[in-house]
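Written out below as structure tokens is the structure these notes cover.
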Amino acid sequence: MSTTTHTSFKPFIPDDQLLPEFTLRAVFLGGLLGIVFGASSVYLALKAGQTVSASIPCAVIATLLFHPKKRSAGAASPILECNIVQTIGSAGESIAAGVVFTVPALIFLGFNMEILHTLLLALTGGFLGVLMMIPLRRYLIVKEHGALTYPEGTACAEILMASEQGGGQAKRVFGGMVVGAVYKFLMVGLRFWQDLPTWQPKWYPGSTLTAEVSPELLGVGYIIGYRTSAFMVAGGVLSWLILIPIFRFLGAGLSAPLYPAGALIRDMSNEEIYGSYIRYIGAGAVATGGLINLFRSLPSIWTSFHTSARQLLDRASPAGLSLRRTERDIPMTVVIGGSLGLALLIWLLPVFHVNFLSAVLIVIFGFFFSVVSSRLTGQVGSSSCPNSGMAIATLIGTCLIFLLIGWSGHAYSAIALSVGAVVCIASSNAGTTSQDLKTGFLLGATPIRQQTGLLIGVLTSVIVIGWTLYYLNARFTTMEPRNFPDFQANASMLNGQENAVGPDRQTYVRVSFVGDARIPDGHYLIGPQDGKIHFQQVQGIESTKLQAPQAKLMSVVIRGILDRKLPWGLILIGVLTAIMVELIGVQSLPFGVGCYLSLSTTGAIFLGGCIRKIADLFYHRTGDDPNEAEGTLYSSGLIAGGALVGILTAALAGTDLGDKLAIGPQWLGALAGSRWLALAMFALLGSLLFRSAKKN
């Protein structure tokens, strides 16, 4: 690809050549793929704490469907239609990332998560991300061509240009989707083997060796590569094989609970020790890693903000129909009016729980970090852009402003989170928007049509994203028995609270506790007569099934500043651990995420990274080469297929049909519960991924 400046650059499709672009079939397929990858990205982000760019899979699927096997002489090329498909389809993944990284923090803060609230946050944040990127296109995409590479955008353009000779690469994506879907259905739907083989050796008390043998985590590990996956599993080893055994050993002789837990360590499971202590250490490590990434980018941030602002002030001619086709943007009047209108909407609609100052902060932080995200995406790519770190910086700034004007306490935490959520979604979608516009610039697409397509992509994907998030949380919510002998609820605690039926069919009073030193935060069922806690409602996003590490981190930041009720000693351990690993040359952000996530997640991701390492050595490729397409496309298919079947099986969980499908234990008996069978099937899946990495 050319690295010359924009003055000498010639796009693949000349400016004066008119091809089908913004067609009905392109918009429909793009919207459909946005829904598919948006839903699967929600599931993946909740489980693994990250998403995978949807642009390339959308592009290769479009090439397979739109490119005829034999094009007749004079027939128009569908390359610009395929570009519209990937433009619209990519919006779902970026918005899903911004939503999942922030909105579930409401649960950790003690609030309920509502579909309408989530949908409107996603809609306003997604629209702001697109609108605020439009004025930056001429500078970041055109003038900085050659300086900012936009890795995913460039790779997507290369695939679309190569598709002019055929759409063969799409077969890898579809092949991965079929294998991932079949494997996941056999494992989770029919239950022929267990999905979480675990070993807790008695000779090492407190340790846990486990891996979730799912196709989506294997695919994530392959895509992010060996090095990053190794950093993540190293964090998991620290938490699950070092810190938890230390707590188990030191707490064995204690006769009183150790803050912040409400039970004796010797009576706690490994998972309960993690939830009471290790989670805070991991949160401190993730926060520090995100901020270190952000601080490391400060020179680029300042340059981007300064030059982009100057570019806007110096701009003489607005976008319009008089410009060449490849220079037409959505008019600035629409951009400014739309941004101000969204800010007013956020302020005036009661569902946002936002005041005027918060709406102003959303616009200021939103534009600043949209600039930051767009430029950083051009330098390091979408996957490496620290959107969660920018959300943390937004929350810290917002909460500190709240404290300065006297807005402290739990009541303001939801307002602060709304600010952080909209900014995080906007910055995430601004980065994706810049990647898509880079692809269009290289191909010779029409910017205004891409920008319109991105707005359509936001609109079509937010509905399924909000519904999927809410539905998965509800499906994985459980009632767990709890006993806190020293706790006694008084009448004032129970007055005005809603009733709920427990697993034993008895009626209880449902009460939410936040910041009570006697018991962990959460929702509890209390007996109306005895005032004792009988059950805890463990929501799906609080469980090990859907951990949402970034959202938990957001809640930790908000509560730590506004409520001032946190085990800061544990958080500081995580902070200093992240600094320590940075000093020895290890990336602290993936290491911190590994500290926070379950070893079952990071272990499976690491195995995918190991397959990438072996494939690179065996096929004589550069290690973790971002331009490697074969295994990456297949892995994208594994992720999409596994995640979609995961959503389907979650819908069937607990139903008669779901129970009838679970024939594995009947057919295989004890073998279905064997961890060795699960590991053997995972090895088979890994071998298929290894074979897919070979070039044709």
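Everything in the sequence shown is counted per the working numbering, starting at 1125 for the first residue and increasing by one. A virtual CB, placed ideally from N, CA and C, is assigned to each residue, including glycine.
inquiry  = If you reduce the DSSP assignment to three classes, tell me which class Ile1697 lands in.
reply    = helix
ask   = With a Cβ-Cβ cutoff of 7 Å, do Ala1178 and Phe1161 count as a contact?
value = yes
request  = Could you tell me the distance, in whole angstroms, from the CA atom of Ser1363 to the CA atom of Ile1460?
outcome  = 48 Å
ask   = CA-CA distance, Asp1640 and Gly1386?
value = 10 Å
inquiry  = Could you tell me the alpha carbon to alpha carbon distance between Gln1671 and Val1478, rounded to whole angstroms?
reply    = 27 Å
query = What does Val1633 pair with, by DSSP beta-bridge criteria?
reply = Asn1623, Ile1650
Whole-angstrom C-beta distance between Leu1388 and Pro1381, which should lie under 8 Å = 6 Å
request  = Use the C-beta contact count for Ser1446: other C-beta atoms within 10 angstroms, 16 or more gives buried, fewer gives exposed.
outcome  = At Ser1446 the pLDDT is 49, less than 50, meaning the model places this residue with poor confidence; the figure from the coordinates comes in the next sentence. When all chains shown are included, Ser1446 counts as exposed.
task = Would you mind stating whether Thr1592 and Ala1163 have Cβ atoms separated by less than 7 Å?
result = yes
request  = For Thr1412, name the three-state secondary structure that DSSP assigns.
outcome  = helix
ask   = Quick one: Cα of Val1815 to Cα of Ile1348, how far?
value = Reading the sequence as shown, one finds Arg at residue 1815 and not Val. Each residue's alpha carbon lies about 18 Å from the other.
query = Starting from Phe1373 and walking both ways along the alpha helix (DSSP H), at which residues does that stretch end?
reply = 1368–1375
ask   = Between Pro1455, Ser1667, Val1410, Ser1551, which lies nearest to Leu1713 when the distance is taken from Cα to Cα?
value = Val1410
query = On the premise that Ser1558 lies in contact with Thr1518, defined as a C-beta separation below 8 Å, what is that separation, rounded to the nearest angstrom?
reply = The Cβ separation is near 19 Å, so there is no contact.
query = If you count every other CB in all the chains shown that lies within 10 Å of the CB of Trp1317, and 16 or more means buried, which is it?
reply = buried
Asn1597 versus Ser1512: straight-line alpha-carbon distance, rounded = 21 Å
query = If you run the structure through DSSP and keep just helix, strand and coil, what is Thr1457?
reply = helix
task = Just list the beta strand (DSSP E) runs in the region 1709–1750, keeping only unbroken ones of 3 residues or longer that don't cross its boundaries, in chain order.
result = none
Nearest to Gln1575 (by Cα), restricted to the options Gly1250, Leu1142, Leu1189, Val1166 = Gly1250
request  = Select from Tyr1404, Leu1686, Tyr1720, Gln1612 the residue whose C-alpha is nearest the C-alpha of Ala1535.
outcome  = Leu1686
query = Where does Trp1323 fall in DSSP's three states?
reply = strand
task = Using DSSP bridges, identify the partner residues of Met1356.
result = Beta-bridge pairing links Met1356 to no other residue.
request  = Report yes if the CB atom of Val1662 is closer than 7 Å to the CB atom of Glu1604, and no otherwise.
outcome  = yes
task = Name the one or two DSSP bridge partners that Glu1604 has.
result = Gln1660
request  = Determine, using beta carbons only, whether Gly1222 and Ser1498 come nearer to each other than 7 Å.
outcome  = no
ask   = Run through DSSP, which three-state label would Leu1272 get?
value = strand
query = Quick check: the region 1604–1623 against the region 1576–1583, are there 3 or more CB pairs under 8 Å?
reply = no
query = Can you tell which of Phe1232, Ala1215, Thr1352 has the C-alpha that lies nearest to the C-alpha of Gly1716?
reply = Thr1352
task = Please classify Ser1287: is it buried, with 16 or more other beta-carbons within 10 angstroms of its beta-carbon, or exposed?
result = buried
key: Counterpart residues of Thr1334 in DSSP-defined beta bridges   = Thr1322
As assigned by DSSP and simplified to three states, the class of Gln1790 = helix
ask   = Where does His1191 fall in DSSP's three states?
value = coil
key: Where Ala1644 sits in the DSSP three-state scheme   = Checking the sequence shown, residue 1644 turns out to be Pro, not Ala. In the structure shown, Pro1644 sits in coil (DSSP, three-state: anything other than H, G, I, E or B).
query = In terms of residue numbering, what span does the alpha helix (DSSP H) encompassing Glu1205 cover?
reply = 1203–1226
task = State the Cα-Cα distance for the pair Cys1719 and Thr1450, rounded to the nearest angstrom.
result = 47 Å
task = Out of Lys1267, Ile1486, Leu1156, Leu1341, point me to the one whose CA is closest to Val1543's CA.
result = Ile1486
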